[in-house]
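The next block holds one structure in the form of structure tokens; read it before the comments.
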Ligand code: ASP
């Protein structure tokens, strides 16, 4: 069968494809990372293994110096047209670990977009100077559009989606799965686990991407806990139905707590509210010290951050609070992803097997 490439499909035809059907177009060179649906379970497990190896290699000075040589001939553009702390910094740190030089535009007002340049031309301009674009954009699907547009140029480069609108955040979902895999290392991995998502699930792009990745594991049960108007989208539920993943929708957070192997808290994404919109009462969608006795001793509490009041600071030192570790895991999984984008993973495995002591 012919390889599915973005250079041979029209934008109109491409847009009619389902998310899982879009996946193969992004896997083909130049290897974009755009949507959660492009990853298989094998991909995820291989990336997580690579992330752990990079982390271990980086512990020793010789290892860190070796990693820095791997992509020292490459440059990356960090184009963040929406606010970001962790995603920006961890991608930048991942680039530094691998020796990539980075440039950034963190505010479209500082680019020629204010002179009327189209977002497409803006990104094409960036692509002239670098070998990869890591981008966050308020318009859902814009990263896909950029990838398609790249395919029509003589020098297409990989696009890495660091958050698009309210629809996708694939690298966050990968780091979340990495955190879950590590948290469940001694209790049989992710298969058969119950994961409770809480908060703004309608506009929380991390949840939308992560729910799909979890559907790739066997016997997982998902609970979606949200005020009615912020419940998870029907499009995601349809994907879960097709994958045969069990799920339940509820507003009763406490009743799900004893079942939870992991709880994934999110904040209300009110940046998407129209002006004058009434704020949603989310006080019931909160976790704090008063709940710790109901939870399993192994329950992992995650949050993509930033948090507001939905997770009390008084549980920060509980051994089940994983959100700080989750944040650091982002740097390792992004380093693994960038290595894979440029096909340098086999080399890292060889180095690891030859030089890294176990542990
Ligand atoms: N940092 C995550 C995101 O960019 C979650 C959030 O902002 O609430 O989607």
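Numbering (our numbering), first residue to last: 51 to 409. We put the beta carbon where it would ideally sit given N, CA and C, even for glycine. For clarity, every value in this text was computed on a predicted model and none was experimentally measured.
Any heavy atom of ligand 1 closer than 6 Å to the Cβ of residue i?
| i | result |
| --- | --- |
| residue 83 | no |
| residue 219 | yes |
| residue 384 | no |
| residue 256 | yes |
| residue 213 | yes |
| residue 188 | no |
| residue 375 | no |
| residue 317 | yes |
| residue 133 | no |
Taking the straight line between their C-alpha atoms, what separation do you get for residue i and residue j?
| i | j | result |
| --- | --- | --- |
| residue 181 | residue 130 | 17 Å |
| residue 67 | residue 73 | 10 Å |
| residue 392 | residue 120 | 10 Å |
| residue 80 | residue 64 | 17 Å |
| residue 107 | residue 208 | 25 Å |
| residue 243 | residue 376 | 18 Å |
| residue 222 | residue 204 | 31 Å |
| residue 84 | residue 161 | 23 Å |
| residue 287 | residue 401 | 42 Å |
State the CB to CB distance for the pair residue i and residue j, rounded to an integer number of angstroms; the pair is presumed to be in contact (CB under 8 Å).
| i | j | result |
| --- | --- | --- |
| residue 224 | residue 262 | In fact, because the Cβ distance is near 11 Å, the residues do not count as touching under 8 Å. |
| residue 319 | residue 216 | 7 Å |
| residue 312 | residue 101 | The Cβ separation is near 19 Å, so there is no contact. |
| residue 240 | residue 231 | 6 Å |
| residue 361 | residue 315 | 5 Å |
Among the candidates the options, whose CA atom is the shortest distance from the CA of residue i?
| i | options | result |
| --- | --- | --- |
| residue 183 | 253, 275, 200 | 200 |
| residue 82 | 231, 193, 91 | 193 |
| residue 259 | 208, 190, 233 | 190 |
| residue 352 | 60, 257, 97, 178 | 257 |
| residue 406 | 61, 93, 105 | 105 |
| residue 296 | 321, 267, 308, 317 | 267 |
| residue 291 | 363, 264, 177 | 264 |
| residue 154 | 60, 166, 186, 278 | 186 |
| residue 253 | 277, 305, 99 | 277 |
| residue 147 | 115, 123, 175 | 115 |
Going residue by residue through the region 117-201, where are the continuous alpha helix (DSSP H) segments of at least 4 residues, counting only ones entirely within it?
Correct list: 136-147, 169-177, 192-201.
Segments assigned beta strand (DSSP E), at least 3 residues, entirely inside the region 249-297
As far as the region 249-297 is concerned, its whole beta strand (DSSP E) runs of at least 3 residues are 271-275.
Can you check the region 317-384 for any beta strand (DSSP E) of at least 3 residues that lies completely inside it and give the ranges in chain order?
Unbroken beta strand (DSSP E) stretches of 3 residues or longer found wholly inside the region 317-384: 350-352, given in chain order.
Considering only residues of the region 58-124, which uninterrupted alpha helix (DSSP H) runs meet the minimum length of 4 residues and lie entirely inside it, listed in chain order?
Counting only runs of 4 or more, we get 61-65, 69-77, 91-108, 111-120.
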